[in-house]
Amino acid sequence: MQTRDQALTEIATQILDLETLDTRKSDRLDFHELAVWQIKKALEAAYAAGQKAK
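See the structure below:
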């Protein structure tokens, strides 16, 4: 079973194409432009992961 942080990291890397969810104290590294359909897909994956964890 995945932990919450593992699930979020997997969603961020696979769906949102982010290297990490860690703060790196650099605007260039910490702020990203995302399409609304990417955000929707990530939210759906997070919801599904939450349902599976129950």
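Per the UniProt record's numbering: the sequence shown = residues 1 to 54.
C-beta atoms are modelled at their ideal positions from N, C-alpha and C, and glycine is treated no differently.
So residue i packs on residue j, CB below 8 Å; how close in whole Å?
| i | j | result |
| --- | --- | --- |
| L16 | L34 | 6 Å |
Would DSSP call residue i helix, strand or coil?
| i | result |
| --- | --- |
| L16 | coil |
| K54 | coil |
| D22 | coil |
| D9 | First, the amino acid is wrong: residue 9 is Thr here, not Asp. T9 falls in the helix class under three-state DSSP. |
Could you tell me which of the options sits nearest to residue i, measuring between CA atoms?
| i | options | result |
| --- | --- | --- |
| D22 | Q14, V36 and D5 | D5 |
| L29 | V36, L18, I11 and I39 | L18 |
| I11 | G50, K52, K25 and A46 | A46 |
| T13 | G50, K41 and A53 | K41 |
At what residues does the alpha helix (DSSP H) containing residue i begin and finish?
| i | result |
| --- | --- |
| L34 | Neither: L34 is in no alpha helix (DSSP H) and is coded neither H nor E. |
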